[in-house]
Structure formats: structure tokens, C-alpha cells
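Take a look at the structure set out below.
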Amino acid sequence: MVRLMRLLSACFLILSVAAGVCATRAAPVSEAPLKQFAIRPTERLGTFLPKTTLNVERDGEIRTVRCECQVDNAWVNLEFRLLETKTGRSIPFDVNISYYHGTDGTERWETGNKVATRFIEISERGQYLVFVKGTTGKGDDPNSDTYHSGLSVDVTIYDGPQKFRAWLLILAGSSVLGTSMLLWTLTHRRSRSNNADEFPLNVPSEPSPPGRLIMLDGLRGAAALGVVCCHFFVPEMSSIATKLNSIFPDPIPTLARHGDLGVEVFFVLSGFVIAYSIGNRRMSGRYIANFALRRSIRLDPPYLAAIALSVLLWAAYLPGGLGECYQQSHGWKGIVANSLYLQNILGFPSIIGVAWTLCLEIQFYLAYIGLFSLAQFVSRHLRIKRLPDHCDVDVSQVALLIAFLPLTLASIYCWNNSLSDFSFFGSWHRFFVGVMCYWAFAQRINSVAFVAYAFVLATLAIYSSDLRGGTATTTAILIYTAGRTGHLSSALSASWLQYLGRISYSLYLVHILIGVSLVNMLWSPTQSTTMTLCMFLIGLAASIAGAELMYRLFERPSVRLSRKLKWRTADQSASPVTFQVGSSAVPTTTELPIGQ
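And the structure:
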């Protein structure tokens, strides 16, 4: 077995080197143009004009638009829009070729042949009409609204996706798998020298740091506050957003608008905590049923209460009352789908806008349970000596990789090929980095495997300028570093962060229904700057007050009940685990956190 593992690890490492070489040599985009057309000097681009069609044969394809023109004391600002012929769905994007003429006499117009390139992300297959609108002009003011007819722009649309993406995927998978197998052989050698009977990973049943993981509650509180602020600063959600963005100096509005990145923090925390909560429990039918029951008791009461509140608010707002609200929810089917966290899968609209993440969380839990059961099955068949059925299972790291790596690589592929970040496959890798963080922290896998996985995600996030992937990776690295340096029980211990972390689930559910809705109802564009700031603070306070009420009425009782039903093995009954996480009043870390 050891020789076979060494041979396989060598093969995978050689494959990773070859994939890296191919990735560096591969052209970034296909050289063959898919569509070509020109915007002639006689065309006025003040309105959208249809130019050509594109056929997208599979989901997640990428197109590259390259605009080329002869710039001579002129500028070009083009706006493209793809319109799906059957559904009317549109994809807007811009391609700008513009140059500024300085007023101090030191800058000049740039002349010559200029090129601008922009990637289009097309998530659904179909036929698309390409419309173009733009501004071209000459003179000293590139901001004027005049349209010039003396400029010709050549537009080329190239096929995708980029070639090197597949090579990067092979590089990531083969390097992680090869390194892990090599580490397994080294661990196996040490295990045999110590006369170990078990498969080579000697793992403590629980991690050893004392105290509570205060840092996780602090992270959750900060993430919840970021999500709330984001929805006040985004014009699509809040009526005061435009004025708030003008009141505060940068970078405050920019940071607030990116507060939705707190969702990625929630995903990482969920991955970390579900791995901690399940530990090495044997995935029997009784345990899985107990886990599902506790999850339902923990999550459902606040969620169903928020759905009821949303229905009442919509009934009061819509002219048709409850009847119109019932119709817009697609009847009883839509209500049942929302109640069972199935609206994303079945295609129904969410009664609560933020509930899309709850659907993903439930899918993450189910996937983890299934894959961890598979890992235990594989691990039992790789062991020299099997454990009795009533004992917990120390799952080998090779079995974990065999079970989890295919789905993780598929998730990275979907994310890297511009499929939706809000789908299960496009988000799993961000949840899984939290799982890997805990496994490395608890020594269930070698730390090198976690570092390698985090490095791959960070590299792809930097290349793709993806803030979501970068935030998830950074969060996992911070948690792991804090754990290794002994700061998980002390960092981010401010009382206000701990409080927000405790009520974060309720705050996440009701902040739009209460805080944002209240502001939208009371604020008017004629109000002063001071009044706008007051309305923002009122909305924030109302969100927190509503979350506190939701927490006391629904969340805290459900948490206490789910704790009473917690599965305990014989070993746990005799010697309870003293490793506590989060607040003593609410299992904010032992009970899986929920984010946007």
C-alpha cells in the first residue's frame, strides 16, 4: 500500500508540474474570432442599435469583446447589451476607449490605434442579440454629450472560455492530491514505527485549546453588521442610499457597499463549525436523523416567523392584500418551497430576499453529511484493523480527500468559469475552506493540505479579481492562524461584537423587513443631510431591536431545545468535552452559524 501511494503521489506531482507549464504557455483567450462587425462613421450611437447575434451552447461560457479604433483627438465610450431572444433577459456591460485632455497644457491627446477589451460572463445558454450604444467625439471636452460621425470602431467578439482555466484546475487538484498522498506515506512510516494498529492518522477526538472561541462570535458579529450596512448603502434596497453615499467620504461608502462580503465569512464559519460539531461521529441513521432534527429546531422557528412577518408586511403594502401576496408567492407551492428551503432549487421566488443563503446552508449540510459518510466508508476499508461499530471513527485524510475533492474541484471549476457565485456548485469551495481549516486545526489532515488549498483559492481570487473568494480564503487563514497562536478565545472580544454575534441570525433575517423598510417608508428626498443620517441610525437601531425581539421570542428557545436533543456517545456521557465555543447563552459556534 505504501509503495502504491508513493507511486501515485509521484505521478500526481509530475502531472501538477506539467499542468503548470501548460498553464503558463496557454493563450489567455481563443485566437479565432467568433463575430466581427464595425460601427461606421455614419451611425449615430445615441440609442441602442442591434449589431449581431451570439449563440451560447452551454451555461457559463465566456466571451471576449475587443473594440479597436483609430484615435485621433477623439474618444469612444461604448455600452453593450446582450438580449436573450426568448426570455428578454439582458446582460449589460461597457467597453471604454477614452482619453482625457489636460487643461494644464502638460497632457496631450493620445493618437494611434487603440484597443479596449472586456469579458462577458454568460451564465445561461441561448441566443443573444448584441446591441451597441455609445458616445464618440472630438474636441477639448470628452464629457460633452455630442455625437460625432467621423469615427469608425471595429468590434471583434472572441469565443471562450479561456484555455488556461482547465490547466489551473488540473494543477490545483493534482498538486493537492499528490502532496497529501506523499504526506500520508510519511505519516504511515511514523505510525508503524510506533506500533500503531490504526490507519496512519492519529487524531485527537477534539481540538485542545481551552476556553471559548470568542473570535468566531466576533467575526460573525462584524459580518452581520457589514451585511446590514450594505443594504442601507445599496440604491436597489434603500431609498437613502444615494444620499448616504454622498455624505460619507471614501472609503466608507465603498466599504459599506461591500458589506455583503460578510456572507463569505458566514460560509467559512459554517464550514468550520459543522466539521467541529460532527467531529468523528459515526454516520449512522440515528445520528443523521438526530442531526437533522436539531438543525430543523434550531433554524426553523426564527425563519418561519420571519416569513410570517414578511407576508404580513406585503399584505399591508399591496393593494390586493393577502390575496395578491399569495399570488406573488406562487400560491401554496411557493410558500411550502420557501418553508422547506427549496425555493432556489424549485425556481420559486424567495419570500425573504436574504433566504437564498439559507438554502445553500442546508445544501452544504446535506452534502457534508453524505460525503463524510462516504469518507468513513472508504476509511474503514483502508484500515488494517476495523473499529467496533459503537465507536467514533478517526477518518483518514486520504479518505477525506477521496470523498470531498471531486465536488470541491467541480465547485472551483464552476466558480472559475463564471457560473453564479450564488449557486451550490459556485459556492461550495468557500464553505469547504472552513471545513479544511478545522480539519487542519484539529490535525485530521496535514496542515500542508489546507495551506495548499488556501493558496489555490487565493491565486484564483487574485487573478479573477474575485472579492468573495478572497474574503473566504482570508477568513479561513485568520481563523487558522489565531488557533495556532492561541488567540481564538481572546481576539475580537469587544462586548458589542459579541452581542451582534449572538443575535446575528435574527438580525440577518429581519434587518430588511424592519430597518430598511422603516427607512424607505419614512424618508423623502427633500430631507436634509442631518435628517438622512438620523434616519440611517433609526433604521440600524430598529433592525437591532427587532433582532433582539426575534432572538428572545424564537431563536433562544429553539437553541435551548436543540441542545437538549444533542447526540451523545457513551464516551461523551462519561467524560464530557470541556471545549466550549461561543456564548454560554446561545451556541453561536457549536450551533452552526447562518449568514447571508
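According to mature numbering (1 follows the signal peptide of the UniProt record, and there is no 0), the stretch in the sequence shown is residues -23 to -1, 1 to 573, in order. Just so you know, even glycine gets a beta-carbon here, dropped at the ideal spot from N, CA and C.
Local Cβ density within 10 Å of TRP498, reported as buried at 16 or more and exposed below that: Numbered from its first residue, the sequence shown carries residue 498 at position 521. Here residue 498 is Met; the residue named in the question, Trp, does not match the sequence. MET498 should be labelled exposed.
Rounded C-beta distance between SER287 and ILE329? I'm assuming under 8 Å. Translated into the one-based positions of the sequence shown, residue 287 becomes position 310. Translated into the one-based positions of the sequence shown, residue 329 becomes position 352. At roughly 5 Å, the Cβ-Cβ gap stays under 8 Å, so SER287 and ILE329 are in contact.
Does DSSP classify LYS543 as helix, strand or coil? On the sequence shown, residue 543 is found 566 positions in, with the first residue counted as 1. It is coil, neither helix nor strand.
Please report the distance separating the alpha-carbon of VAL536 from that of ASP227. Locating residue 536 in the sequence shown gives position 559, counting from the first residue. Locating residue 227 in the sequence shown gives position 250, counting from the first residue. Each residue's alpha carbon lies about 40 Å from the other.
Which runs of the alpha helix (DSSP H) fall wholly inside the segment 458 to 494 and span at least 4 residues, in chain order? 472 to 479, 481 to 487
Taking the alpha-carbon positions, what's the LYS110 to ASP237 distance? Within the sequence shown, numbered from 1, the residue matching residue 110 stands at position 133. Within the sequence shown, numbered from 1, the residue matching residue 237 stands at position 260. Answer to the nearest angstrom: the Cα atoms are 31 Å apart.
Buried or exposed (CB count within 10 angstroms, at least 16 for buried), ARG263: In the sequence shown, the residue the question calls residue 263 occupies position 286. Classification for ARG263: exposed.
Could you name the residues that DSSP lists as bridge partners for PRO212? Along the sequence shown, read from residue 1 onward, the residue named residue 212 stands at position 235. Answer is none; PRO212 lacks a bridge partner.
First and last residue of the uninterrupted alpha helix (DSSP H) at PHE244: As a first step, residue 244 must be located in the sequence shown, where it is residue number 267. Residues 239 to 255.
CB of VAL496 within 7 Å of CB of ILE68, strictly: As a working note, residue 496 is residue 519 in the sequence shown. As a working note, residue 68 is residue 91 in the sequence shown. It is not a contact, given that the beta carbons lie outside the stated cut-off.
Just mark PRO502 as buried or exposed, buried being the case when its beta carbon has 16 or more other beta carbons within 10 Å. Start at 1 with the first residue of the sequence shown, and residue 502 comes out as number 525. PRO502 comes out exposed.
Beta-carbon separation (whole angstroms), ASN315 vs ILE339, contact threshold 8 Å: Looking up residue 315 in the sequence shown gives position 338. Looking up residue 339 in the sequence shown gives position 362. So it is not a contact: roughly 12 Å between Cβ atoms.
Excluding sequence positions up to five away, which residues of its chain have a Cβ less than 6 Å from the Cβ of SER470? Taking the sequence shown and counting its residues from 1, the one referred to as residue 470 is at position 493. Around SER470: ILE191.
Is the distance from the Cβ of VAL245 to the Cβ of ALA453 below 7 Å? Residue 245 sits at position 268 when you count from the first residue of the sequence shown. Residue 453 sits at position 476 when you count from the first residue of the sequence shown. Taking 7 Å as the Cβ cut-off, VAL245 and ALA453 qualify as a contacting pair.
Out of GLY103, ALA199, LEU31, PHE249, which one is the CA nearest neighbour of VAL410? Looking up residue 410 in the sequence shown gives position 433. Of the listed residues, the one whose Cα sits closest to VAL410 is PHE249.
CB-CB under 7 Å to LEU290, same chain, minus the five flanking residues each way: which ones, in chain order? Indexing the sequence shown from 1 puts residue 290 at position 313. Only LEU490, SER494 meet the Cβ criterion.
Could you tell me the boundaries of the alpha helix (DSSP H) in which ALA332 lies? Within the sequence shown, the letter at position 355 stands for residue 332. Unbroken run through ALA332: none, as it is neither H nor E.
Helix, strand or coil for THR503, going by three-state DSSP, please let me know. The residue given as residue 503 occupies position 526 in the sequence shown. The answer is coil: DSSP assigns THR503 none of H, G, I, E or B.
Proximal residues to HIS488 (C-beta, below 6 Å), its chain only, five neighbours per side dropped: Position 511 of the sequence shown holds residue 488. So the list reads VAL205, SER520, once near-sequence residues are dropped.
Alpha-carbon to alpha-carbon, PHE57 and LEU106: By one-based count along the sequence shown, residue 106 stands at place 129. By one-based count along the sequence shown, residue 57 stands at place 80. In a straight line, the C-alpha of LEU106 is about 10 Å away from that of PHE57.
With the cut-off set at 7 Å, would you say ILE134 and VAL42 are in Cβ contact? Residue 134 sits at position 157 when you count from the first residue of the sequence shown. Residue 42 sits at position 65 when you count from the first residue of the sequence shown. Going by C-beta atoms, ILE134 is nearer than 7 Å to VAL42.
Looking at ALA199 and SER481, is the spacing between their C-beta atoms short of 7 Å? The residue labelled residue 481 in the question sits at position 504 within the sequence shown. The residue labelled residue 199 in the question sits at position 222 within the sequence shown. Their beta carbons are not under 7 Å apart, which means SER481 does not touch ALA199 by this criterion.
What do you get for SER215, buried or exposed, if any count of 16 or more other CB atoms within 10 angstroms of its CB means buried? Reading the sequence shown from its first residue, position 238 is the one you call residue 215. SER215 comes out buried.
Mind checking who GLY203 pairs with in its DSSP beta bridge? Locating residue 203 in the sequence shown gives position 226, counting from the first residue. Answer by DSSP bridge pairing: none, since GLY203 is not bridged.
If we count the other Cβ atoms within 10 Å of its Cβ and call it buried at 16 or more, is SER472 buried or exposed? In the sequence shown, counting from the first residue as 1, residue 472 sits at position 495. Answer is exposed; the Cβ neighbour count stays below 16.
Taking the alpha helix (DSSP H) that HIS406 falls in, what are its first and last residues? Within the sequence shown, numbered from 1, the residue matching residue 406 stands at position 429. Per DSSP, HIS406 belongs to the alpha helix (DSSP H) from 401 to 418.
Using the DSSP secondary-structure output, state which residues sit across from SER316 in a beta bridge. Residue mapping note: residue 316 aligns to position 339 of the sequence shown, counting from 1. DSSP, once it has assigned bridges, lists no residue as partnering SER316.
In chain order, what residues of the same chain lie with their CB nearer than 8 Å to the CB of LEU542, ignoring the 5 residues before and after it? Residue mapping note: residue 542 aligns to position 565 of the sequence shown, counting from 1. Answer for LEU542: ASN267, LEU270, ARG271, ILE274, listed in chain order.
Counting along the chain, where does the alpha helix (DSSP H) carrying THR62 start and finish? Start at 1 with the first residue of the sequence shown, and residue 62 comes out as number 85. No alpha helix (DSSP H) holds THR62; DSSP gives it neither H nor E.
How far does the alpha helix (DSSP H) with ARG234 in it reach, from first residue to last? The residue you call residue 234 lines up with position 257 of the sequence shown. Unbroken alpha helix (DSSP H) run through ARG234: 229 to 234.
DSSP state of ILE439 mapped onto helix, strand, coil: On the sequence shown, residue 439 is found 462 positions in, with the first residue counted as 1. DSSP places ILE439 in helix when its eight states are reduced to three.
Cβ-based burial, PRO279 [other Cβ within 10 Å; buried from 16]: Here residue 279 refers to the residue found at position 302 when the sequence shown is read from its first residue. Buried.
7 Å Cβ cutoff met for LEU337 and SER404: The residue labelled residue 337 in the question sits at position 360 within the sequence shown. The residue labelled residue 404 in the question sits at position 427 within the sequence shown. The answer is yes: Cβ separation under 7 Å.
Residues in the same chain with beta-carbon distance under 6 Å from GLY523, minus the five sequence neighbours each way, listed in chain order, please. On the sequence shown, position 546 is the one that residue 523 refers to. Here the set comprises VAL487, ILE491.
Quick one, are the C-beta atoms of PHE432 and PHE209 less than 7 Å apart? By 1-based counting over the sequence shown, the position of residue 432 is 455. By 1-based counting over the sequence shown, the position of residue 209 is 232. For PHE432 and PHE209, no; Cβs fall outside 7 Å.
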